[in-house]
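Student:
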Amino acid sequence: MSKSESILSGIRVLDFGRYVAGPYCATLLGYLGAEVIRIEKPDGGEDRYIAPITSHGEGGVFLQTACNKKSLTLDFGKPESRDIVRRLVQTADVVVVNLPPAARESLGLDYASVSAINPRVILASQTTFGEHGPYASRGGFDGVGQAMSGAMFITGTPGARPRSPNDPGAGFSQRHAPPPTNNHREIDRG
Numbered sequence: 003m004s005k006s007e008s009i010l011s012g013i014r015v016l017d018f019g020r021y022v023a024g025p026y027c028a029t030l031l032g033y034l035g036a037e038v039i040r041i042e043k044p045d046g047g048e049d050r051y052i053a054p055i056t057s058h059g060e061g062g063v064f065l066q067t068a069c070n071k072k073s074l075t076l077d078f079g080k081p082e083s084r085d086i087v088r089r090l091v092q093t094a095d096v097v098v099v100n101l102p103p104a105a106r107e108s109l110g111l112d113y114a115s116v117s118a119i120n121p122r123v124i125l126a127s128q129t130t131f132g133e134h135g136p137y138a139s140r141g142g143f144d145g146v147g148q149a150m151s152g153a154m155f156i157t158g159t160p161g162a163r164p165r166s167p168n169d170p171g172a173g174f175s176q177r178h179a180p181p182p183t184n185n186h187r188e189i190d191r192g
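Counting in the working numbering, the sequence shown runs from 3 upward without gaps.
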């Protein structure tokens, strides 16, 4: 099947994800035919240089989750960068972000902000501790959330060390929401 015949052909995804879960979700959407644009800070995202394996210092996880994407660097401290984000959101079908709610809001990547720019946009967001509750403002990684929730305790073989599906599992799960949501949006539009 050619890219033009793919299920998400013609869909534009903005990837503001970091580390594994968000970027992996966007990578999977790209494999389904979406045009994916990774947006990171000028010196590279936080996840770019973890466990370097290239002569330029890029890490293996970054190389796995940055494939099949276009790339754009922006300095979010500059007003013109915020304007570029607004213009990109106007053209986007999906925005992927995995930041705590307050961080998303400060960057204008919360649902209220992106839907005010583009009412048809699908925000695929995830956090370690959810949108509400005592830990909602905390950042964190999948393993921390799994340990605190008890998910590790019930995963694996009884009597053995707990096992964790880790961030790829979260990204894989997050990837499932945009395609049917987009289909519903198209059907609802008539």
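Ideal Cβ placement from N, Cα and C applies to all residues, glycine included.
#1: Quick test of the definition: if touching needs 3 or more C-beta pairs under 8 Å, does the stretch 62–74 touch the stretch 16–30?
#2: Run through DSSP, which three-state label would D49 get?
#3: Go ahead and pull the three-state DSSP assignment for G192.
#4: Checking 8 Å against the spacing of the C-beta atoms, do Y21 and E42 come in under that value?
#5: Between the stretch 100–114 and the stretch 6–13, do at least 3 Cβ pairs fall closer than 8 Å?
#6: What are the start and end residues of the beta strand (DSSP E) that includes D85?
#7: Within its chain, find whatever has a CB closer than 6 Å to the CB of G192; leave out the 5 residues flanking it on each side and keep chain order.
#8: Round the Cβ separation of P44 and D77 to the nearest angstrom and send it over; I've been treating them as touching at under 8 Å.
#9: Is I189 buried or exposed, if buried means 16 or more other CB atoms sit within 10 Å of its CB?
#10: Going by CA-CA distance only, name the one from Y51, S57, K71 that's closest to T29.
#11: For the beta strand (DSSP E) that T129 lies in, which residues bound it at each end?
#12: Roughly how far, in whole angstroms, is the beta-carbon of D95 from the beta-carbon of V15, given that I think they are within contact range, below 8 Å?
#13: For V98 versus D17, is the C-beta spacing smaller than 8 Å?
#14: Counting along the chain, where does the beta strand (DSSP E) carrying V22 start and finish?
#15: Comparing C-alpha positions only, which one of G135, T130, P136 sits nearest to A153?
#16: G35: which of R89, G19, I13, L109 sits nearest, CA to CA?
#17: L65 by DSSP, collapsed to three states: which one?
Tutor: For this structure:
#1: yes
#2: Residue mapping note: residue 49 aligns to position 47 of the sequence shown, counting from 1. DSSP places D49 in coil when its eight states are reduced to three.
#3: Looking up residue 192 in the sequence shown gives position 190. A caution first: G192 carries a pLDDT of 45, below 50, which makes its placement in the model unreliable, though a value can still be read off. It is coil, neither helix nor strand.
#4: Position 19 of the sequence shown holds residue 21. Position 40 of the sequence shown holds residue 42. Contact flag unset, no.
#5: no
#6: For the purposes of this step, residue 85 is taken as the residue at position 83 of the sequence shown. Here D85 belongs to no beta strand (DSSP E); instead the alpha helix (DSSP H) covers 81–93.
#7: Looking up residue 192 in the sequence shown gives position 190. Here the model assigns G192 a pLDDT of 45, short of 50, so the residue's position is not dependable and the matter cannot be decided.
#8: Counting from one through the sequence shown, the residue named residue 44 turns up at place 42. Counting from one through the sequence shown, the residue named residue 77 turns up at place 75. Going by Cβ atoms, the distance from P44 to D77 rounds to 6 Å, so yes, they are a contact pair.
#9: As a first step, residue 189 must be located in the sequence shown, where it is residue number 187. Any reading at I189 must be qualified, since the residue scores a pLDDT of 44, below 50, and its modelled position is unreliable; no value is offered.
#10: As a position in the sequence shown, residue 29 is number 27, starting the count at 1. Cα-wise, what sits closest to T29 is K71.
#11: The sequence position of residue 129 within the sequence shown is 127, counting from 1. Run containing T129: none; DSSP gives neither H nor E here.
#12: Within the sequence shown, numbered from 1, the residue matching residue 95 stands at position 93. Within the sequence shown, numbered from 1, the residue matching residue 15 stands at position 13. Yes, D95 and V15 are in contact; Cβ-Cβ is about 7 Å, under 8 Å.
#13: Counted from its first residue, the sequence shown places residue 98 at position 96. Counted from its first residue, the sequence shown places residue 17 at position 15. For V98 and D17, yes; Cβs fall inside 8 Å.
#14: Here residue 22 corresponds to residue number 20 of the sequence shown, with the count starting at 1. Segment: none, V22 is in no beta strand (DSSP E) and carries neither H nor E.
#15: On the sequence shown, residue 153 is found 151 positions in, with the first residue counted as 1. It is T130 whose Cα lies nearest to the Cα of A153.
#16: Reading the sequence shown from its first residue, position 33 is the one you call residue 35. Among R89, G19, I13, L109, the Cα nearest to that of G35 belongs to I13.
#17: Position 63 of the sequence shown, counting from 1, holds the residue named residue 65. L65: helix per DSSP, three-state reduction.
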